[in-house]
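Q: Before we start, here is the structure in question, set down as structure tokens.
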Amino acid sequence: MSSLRLHATGSVHPDEAWDRYLHPAKWSDWSPQIRGVETDAVRIDPGVTGRVVGPLGLRAPFVVDAVDDAAREWTWSVDIGPGTLVLVHWVRPGPDGGTTTGLRVSGPLLPVVGYVPLAAFALQRLVRP
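When the count follows the UniProt record's numbering, it moves up by one through the sequence shown with no breaks and lands on 129 for the last residue.
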């Protein structure tokens, strides 16, 4: 099991960054590796399930494990076939009214290392207008 952490800071207000996480329909707006989300949930909450649609139509089932609105943190698990990635996201106030967001991704070494460049790019987009 491997674990890596990433951070990004940008000018989007923390409320907006958190809202972008809360609504699965918005994930593909800022996360280019997510082409769509198949879920009945309008908002993430513990126990919400669905599938993220990736490149080439690949679908990966997920479950939201925890959501803490007050702390602006959430955790989800994504089944990637050879294992499961556990992703812990958080949003904090950043400089000048902006946002700093972070991600800890844990799972099998190769998928974690392969996912990091995509996640880093997505986090940069999350915190920018």
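Every residue, glycine too, gets a C-beta built ideally from N, C-alpha and C.
These numbers were taken from a predicted model, which means no experiment stands behind them.
Between which two residues does the alpha helix (DSSP H) containing Ser28 stretch?
A: If you number the sequence shown from 1, residue 28 lands on position 28. That run of the alpha helix (DSSP H) goes Trp27 to Trp30.
Q: What separation, rounded to the nearest whole angstrom, lies between the Cα atoms of Ser2 and Pro117?
A: Walking along the sequence shown from the start, residue 2 turns up at place 2. Walking along the sequence shown from the start, residue 117 turns up at place 117. About 15 Å.
Q: By how many angstroms is the C-alpha of Tyr115 removed from the C-alpha of Ala70?
A: Mapped onto the sequence shown, residue 70 falls at position 70. Mapped onto the sequence shown, residue 115 falls at position 115. Looking at the two C-alpha atoms, the distance is approximately 28 Å.
Q: In or out: Thr99 buried (at least 16 other Cβ within 10 Å) or exposed?
A: Counting from 1 along the sequence shown, the entry for residue 99 is found at position 99. By the 10 Å Cβ count, Thr99 comes out buried.
Q: I need the straight-line Cα distance from Gly10 to Gly94, nearest angstrom please.
A: Translated into the one-based positions of the sequence shown, residue 10 becomes position 10. Translated into the one-based positions of the sequence shown, residue 94 becomes position 94. Near 7 Å, if we compare the C-alpha coordinates of Gly94 and Gly10.
Q: Please go through the same chain and pick out, in chain order, the residues whose beta-carbon is closer than 7 Å to the beta-carbon of Asp65, but skip the five residues on each side of it.
A: Against the sequence shown, residue 65 aligns to sequence position 65. Counting only Cβ-Cβ distances below 7 Å, and skipping sequence neighbours, we find Pro46, Thr75, Trp76 and Ser77.
Q: In three-state DSSP terms, what is Ala70?
A: Here residue 70 refers to the residue found at position 70 of the sequence shown. Looking at Ala70 - three-state DSSP - the assignment turns out to be coil, as it is neither helix nor strand.
Q: Is Val52 near Glu38, with beta carbons less than 9 Å apart?
A: Taking the first residue of the sequence shown as 1, we reach residue 52 at position 52. Taking the first residue of the sequence shown as 1, we reach residue 38 at position 38. A contact, by the Cβ cut-off of 9 Å.
Q: According to the Cβ coordinates, are Arg92 and Thr101 closer than 9 Å?
A: Mapped onto the sequence shown, residue 92 falls at position 92. Mapped onto the sequence shown, residue 101 falls at position 101. Cβ atoms of Arg92 and Thr101: closer than 9 Å.
Q: Can you tell me the Cβ-Cβ gap for Leu22 and Leu123, rounded? I've got them flagged as a contact below 8 Å.
A: Here residue 22 is taken as the residue at index 22 of the sequence shown, counted from 1. Here residue 123 is taken as the residue at index 123 of the sequence shown, counted from 1. With 8 Å as the limit, Leu22 and Leu123 do not qualify as a contact, their Cβ atoms being about 16 Å apart.
Q: Tell me, to the nearest whole angstrom, how far the beta carbon of Leu87 is from that of Val112; I am working on the premise that it is less than 8 Å.
A: Residue 87 sits at position 87 when you count from the first residue of the sequence shown. Residue 112 sits at position 112 when you count from the first residue of the sequence shown. Not confirmed; about 10 Å, so no contact.
Q: If you follow the alpha helix (DSSP H) that Ala17 is in, where does it begin and where does it stop?
A: Residue mapping note: residue 17 aligns to position 17 of the sequence shown, counting from 1. Note, Ala17: alpha helix (DSSP H), Pro14 to Leu22.
Q: Pick helix, strand or coil for Gly97, following the three-state DSSP scheme.
A: Residue numbering aside, residue 97 sits at position 97 when the sequence shown is read from its first letter. Note: Gly97 maps to helix in three-state DSSP.
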